[in-house]
Structures are given as structure tokens and as C-alpha cells.
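In the numbering used here, the protein residues as written are 1197 to 1405. We put the CB at the ideal spot given by N, CA and C, even for glycine. Please read all numbers here as calculations on a predicted model, not as lab measurements. What follows is one structure encoded as C-alpha cells, with my remarks underneath.
Right, here's the structure in full:
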């Protein structure tokens, strides 16, 4: 039982790293083929972030990793493990978004407007961390409509709308799309984080009653 759990943890760790490693290797191969330069060519960045097969493979690897970890855990401990996995998925989403922005800036020689444009065009790069946030919420929430009425649930919905706004509105008006997406992103983060903070503050009052 212990060896099976250890194997599941090791395998899931590799599966969680797969989207990052696969994107990095693919980008490096394309970069070498186009000729190594001082900065990452924008074409390479867009080829990686717009590749649907790479996106599907990355999400599938994460889902498989989650499945292995949950199945290897004892039924009585699965609830606590799911909460830990939810936090790990959120950390992965933050890391993914950070690397995405950093790569876009590097591919555009630190030109913010050019990086923002590539972020809009490379849609799968933005959808991936948004899906990780959704997964983190699904693995920790009860499967009823109650959680969707909380601030945390609304925050998830707002963050999931960001890629759609960037892709839909951004294609017609990049400035408007970026502005609306920024508002939704900030609002989503505030709602998602603020729900826990407000919940903690309200606990003493509830206990007093």
C-alpha cells in the first residue's frame, strides 16, 4: 500500500511537470530550428501557446496526475488530500501565468504592448491556468449549487471569463479586451481570496452567538 502510494505521488509529480517541460522542450526545438538569437522569437512563443495538441496533452497530464493521487489515498483521507491538491493546482496556475507573462515579455524584448498582444493571440497559454483554477475549485467544492453563490465561486467564474474576453473582445479591440479582462481578473482574484478572509473574520462572531 505504501509503495503504491509512493509510486502514485512520484508519477503525479512528473505528470504535473509535463505541461511545463513539454512547452519548454518544444519552444527550444523551434528556437533552434529558426536560429538561436538573443531573444526568443515571437513566432516560437505563439507556436507553443497556440498549439491545441500541446494544450490538450498538458491538461490531460494534470487530470491523470490528480486521478492517480486520489485513487492511491485511503478513502478516509481523501477529503483532506483533495484540499491539498486544490492548493497545489492554484500554485501551478500562478506559476504558469508568471512563466507565460515572462516568456511574452522576453519574446518582445520587454515591450509591454507587444507582450500583451501576444498574450491575447496565444489563447491556450491563458486558458491553461484558468482551467487549473477551475479544477482547484471543483476538487474542493461540494457538488451542489451552493458554492457557486459564494464569493469564491463568483471569483472562479470571473477568472474563467478572462480568456473568453481576451479571445472574443480582444480580436476586435485589443485595448478594450485587455481592459475588461484585467478588471475581471482582478475582481476574480479579490473575490476568490476575499471569501476565505471574510469567512475567517466571521467565525468569532458566529461563535459568540
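- For residue 1272, there is no enclosing alpha helix (DSSP H), since its DSSP letter is neither H nor E.
- For residue 1208, the number of other beta carbons within 10 angstroms of its own is at least 16, and it is reported as buried.
- One alpha carbon belongs to residue 1264, the other to residue 1369, and they sit about 43 Å apart.
- In this structure, the straight-line span from the alpha carbon of residue 1329 to that of residue 1286 is close to 6 Å.
- Counting along the chain, residue 1238 sits inside the alpha helix (DSSP H) bounded by residues 1238-1245.
- Scanning its chain for C-beta atoms nearer than 7 Å, with the 5 sequence neighbours on each side dropped, one finds around residue 1314 the residues 1238, 1241, 1242, 1300, 1303 and 1304, in chain order.
- In the three-state scheme derived from DSSP, where H, G and I count as helix and E and B as strand, residue 1318 is classed as coil.
- In this structure, the straight-line span from the alpha carbon of residue 1293 to that of residue 1259 is close to 19 Å.
- Only residues of its own chain outside the window of five on either side were considered, and among them 1211, 1214 and 1215 have a CB closer than 7 Å to the CB of residue 1257, listed in chain order.
- Taking all protein chains in view, the Cβ of residue 1320 is crowded by 16 or more other Cβ atoms within 10 Å, so the residue is classified as buried.
- Take the alpha-carbon of residue 1229 and the one of residue 1236: they are about 12 Å apart.
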